[in-house]
Every structure is written in structure tokens, then in C-alpha cells.
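Written out below as C-alpha cells is the structure these notes cover.
There are 2 protein chains.
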Amino acid sequence: MPNYRDRLDVVLRALADPTRRAIVERLAQSPAVVSELAAPFSMALPSLMQHLRVLEDAEVVSSQKHGRVRTVSLLPGALDVLHLWLAEQRTPAEHQADRLGIHLTRSSPKGIT
Amino acid sequence: MPNYRDRLDVVLRALADPTRRAIVERLAQSPAVVSELAAPFSMALPSLMQHLRVLEDAEVVSSQKHGRVRTVSLLPGALDVLHLWLAEQRTPAEHQADRLGIHLTRSSPKGIT
Chain X
0 MPNYRDRLDV
10 VLRALADPTR
20 RAIVERLAQS
30 PAVVSELAAP
40 FSMALPSLMQ
50 HLRVLEDAEV
60 VSSQKHGRVR
70 TVSLLPGALD
80 VLHLWLAEQR
90 TPAEHQADRL
100 GIHLTRSSPK
110 GIT
Chain Y
0 MPNYRDRLDV
10 VLRALADPTR
20 RAIVERLAQS
30 PAVVSELAAP
40 FSMALPSLMQ
50 HLRVLEDAEV
60 VSSQKHGRVR
70 TVSLLPGALD
80 VLHLWLAEQR
90 TPAEHQADRL
100 GIHLTRSSPK
110 GIT
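Right under this line is the structure:
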């Protein structure tokens, strides 16, 4: 299991490509077989498979082969490392805005929620 | 103003580098002058400046020169595009977990909150 920084690096490199992001976007809806994933792209199958391999090495997707059909799925929690990193980059001003938001919610008159 | 997909692409490419992420992490605390940013890295200043230029072109940071001193800041909302994209990639299972969470919160007995 790679550490947090290594994992972040691998995931960000995997996502810094529009084709791979499009694959992730499709798989966020449901798992898909490779031919379905290939359909929207005017790309040779070996190139698509290479992108899938990068995503699989980054543990963003996993795939299973049944007979001749390979089904690809988004791994649960695959993007958690990115959520975590983004949360850490909140500036003091943003934290202050959060606290103000909480304060306003708590002190709002009853009935106005 | 670039569109959402272009902006996402530029920001992810900028963040897919550990030095640039370290700069963003430092700037999330407070603005900093270039010499401060350079201090933790065993890197020639021109290389650091090149990383800063990538972040500036991606509109993740901005910089201002007063006399000989250049101060770099994280731009407010610079990472919003990434928050937005991540939110869109929530799987149906994650959406369901969210709804379940809301349901449990709403139906929890009074006094247990």
C-alpha cells in the first residue's frame, strides 16, 4: 500500500489526461465493458488499453475478464486521496468563512432555515 | 476565461507535480515571498520560477512585485474546478450512502445528535 503522498501523485498523474478523466466520468455512472468505454473515442484500442492500464496501476479502476469480455469498474474510494488533499488546502479565509457559515446557521431565527 | 474542461485540464496538469503541490500547500497557509517558497527545495531558483509560472498560467497562484520582492498568493477559489469535478464523480452507491446518512440524521432520536 503506497503512502498518502505517493498515492496522491499517482492519482493526479492518472487524472491529468482528458481521455482518462472521460473514462472515470463514464465509470462513475456504472461499470462498463471495454468496447463501451472505447466507443466515444476515435482512438485505436491499444491506446485506450494503455490509458486503462494507467488508471488500473493508479488503483482508480479495476477490471475483470469473463470469457472474452473485460468489465471495468471505478474502485470505491478511488478519489478519496484527492478529496483529502483538497480539504487540506483550504485557506485561513475559507476556514473563517466556514465558521461564519456555521455561526449564521446556528443563530438564524427559528422558522428561517 | 477558459471553459470548465480546459480549466480542469490546466489545473490538474499543474497539480500533477509534487514540487508544485508543495508550493500550493505552503501558500494555503499564507502568501509568501519567492525566497521563502524556494527554501524547502534543493532546487535552482530558475527551476522554481518555472514551476511558479506553470501555477500562475493555470491561475492557481498570482504574484506581485514590490521593489525587488515578489510575493506569491494562492488565488481564492483556484481549486474550485477540482472540487466540482470530484463531486460529479460520486458513484450511485455513494449518492445512496449520502441519502442514507441524511435519513439517519433526520430519524435519530432527539437528544442523540
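Heads up: the protein sequence lines correspond to chains X and Y, in order.
Its first residue numbered 0, the first sequence is counted upward by one per residue in numbering that gives the first Met the number 0.
Its first residue numbered 0, the second sequence is counted upward by one per residue in numbering that gives the first Met the number 0.
Yeah, the Cβ is synthetic: ideal placement off N, Cα and C, and Gly gets one too.
For clarity, every value in this text was computed on a predicted model and none was experimentally measured.
### Query
How about Glu35/Y: is its C-beta nearer than 8 Å to some C-beta of chain X?
Interface flag for Glu35/Y against chain X is unset, since no Cβ pair is found closer than 8 Å.
### Query
Should Arg89/X be listed as close to the ligand NAD, given that the test is whether its C-beta is under 7 Å from any heavy atom?
Questions concerning the ligand NAD fall outside what the structure shown contains, since it holds no ligand whatsoever.
### Message
Could you compute how far the alpha carbon of Ala92/Y sits from the alpha carbon of Arg67/Y?
### Response
54 Å
### Task
Identify every residue that forms a DSSP beta bridge with Ser62/Y.
Val71/Y
#### Entry: Buried or exposed by the 16-neighbour rule on C-beta atoms within 10 Å, applied to Ala13/X
Result: buried.
### Message
Give me, in chain order, the residues of the same chain whose beta-carbon lies closer than 6 Å to that of Ala77/X; leave out the 5 immediate sequence neighbours on both sides.
### Response
Val59.
#### Entry: Val53/Y and Tyr3/Y closer than 8 Å at C-beta
no
### Task
Just grab the DSSP bridge partners of Val32/X for me.
Thr70/X
#### Entry: chain Y contact residues for Ala92/X, given Cβ-Cβ distances below 8 Å
By Cβ distance, chain Y contributes Pro75.
### Task
For Arg98/Y, count neighbouring Cβ atoms within 10 angstroms of its own Cβ and tell me buried if that reaches 16, exposed if not.
exposed
### Query
DSSP state of Pro91/Y, grouped into three classes?
helix
#### Entry: Proximal residues, the segment 20-49 of chain Y versus chain X, C-beta separation under 9 Å
Arg20, Val23, Glu24, Leu26, Ala27, Gln28, Ser29
### Best match in Asp56/X, Asp8/X, Ala57/X, Val71/X for proximity to Leu36/X [C-alpha to C-alpha]
Val71/X
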